[in-house]
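K.L.:
The structure under discussion is supplied below as structure tokens; questions concerning it will follow.
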Amino acid sequence: LAKVSKKIKDAVDFAASVKEIETLVKSVDELAKAIGKKIKEDGTLDTLNNKNGSLLAGAFQVILTVE
258 LAKVSKKIKD
268 AVDFAASVKE
278 IETLVKSVDE
288 LAKAIGKKIK
298 EDGTLDTLNN
308 KNGSLLAGAF
318 QVILTVE
């Protein structure tokens, strides 16, 4: 019973961490949109203006790392 209980707890912890990562990715995507830039579906950066390029590049790298 103790082993089963630990496995259930581990599974719940894992599920929570996956949800946190999903939330982080969504937040980074929203940040990228908010600064006037977006990440195109083919994985390249689409620049709408020349502001905050390094911030977007950092957000882009976080998304690539998480995927």
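If you're matching positions, the sequence shown starts at 258 in our numbering and goes up one per residue. We treat Cβ as the ideally placed atom computed from N, Cα and C, and that holds for glycine.
#1: With a cut-off of 8 Å on the beta carbons, I'd call V282 and V323 a contact; round off their distance for me.
#2: Is L313 buried or exposed, if buried means 16 or more other CB atoms sit within 10 Å of its CB?
#3: State the DSSP-derived secondary structure class of L258, mapped to helix, strand or coil.
#4: Cα separation between I278 and L258?
#5: Keeping to the same chain, check which residues put their C-beta closer than 7 Å to that of L288; ignore five residues upstream and five downstream.
P.N.:
In brief:
#1: Indeed, because the Cβ distance is near 5 Å, the residues count as touching under 8 Å.
#2: Per the 10 Å Cβ criterion, buried.
#3: Three-state result, L258: coil.
#4: If I take the Cα positions, the gap works out to 30 Å.
#5: The answer, listed in chain order, is A316.
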